[in-house]
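*Asks:* In my numbering, the protein residues as written are 561 to 684.
Ideal placement from N, C-alpha and C gives every residue a C-beta, glycine not left out.
Just so it is clear, the structure is predicted and the values come from calculations on it, not from any experiment.
Take a look at the following structure, please.
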């Protein structure tokens with residue numbers, strides 16, 4: 561089964577659990593972003609890892625770049641303050657190494673976003 565292969569490198573459910581905080585909708589499903597933003601929810605979207613590096617047989621590091629997306633597309637500066645507050649709470653939970661302000665274009669609406677980088681380690 562294909563999904564079992566990925567579980568030996570990372571557990572997306574564990575990352576989602578660690579990232580779940582009040583005021584933030586956490587998802588790995590990109591199709592759920594637009595409806596959540598339309599409902600006024602701030603989202604953390606977790607896609608696939610950017611890289612999977614092996615330190616030795618069966619052990620290594622996954623590098624992630626997740627994105628907080630805010631529904632306030634009209635005032636990016638106000639949204640930035642709110643997103644940074646959420647990032648501050650997430651920083652110790654995910655061991656965030658980098659925060660980069662960004663935007664994300666969904667159906668011709670440009671939403672304010674923060675890219676959060678972090679790593680997870682694995683051992684088979």
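Assign residue 564 to one of two classes, buried (16 or more other C-beta atoms within 10 Å of its C-beta) or exposed (fewer than that).
*Replies:* Note on residue 564: pLDDT 47, under 50, position unreliable in the model; the coordinate value appears next. Under this definition residue 564 is an exposed residue.
*Asks:* Should the stretch 612-620 be regarded as contacting the stretch 630-645, the criterion being three or more beta carbon pairs within less than 8 Å?
*Replies:* Too few Cβ pairs lie closer than 8 Å, so no.
*Asks:* Rounded to the nearest angstrom, what separates residue 672 and residue 618 at their Cα positions?
*Replies:* Cα to Cα, the separation comes out at about 38 Å.
*Asks:* I'd like to check one pair, residue 676 with residue 626: are the Cβ atoms closer than 8 Å?
*Replies:* Yes. Within cutoff.
*Asks:* Work out the CA separation of residue 586 and residue 599 for me, nearest whole Å.
*Replies:* Distance between the alpha carbons of residue 599 and residue 586: 14 Å.
*Asks:* Just the Cα atoms here: how many angstroms apart are residue 663 and residue 631?
*Replies:* Their Cα atoms are separated by approximately 11 Å.
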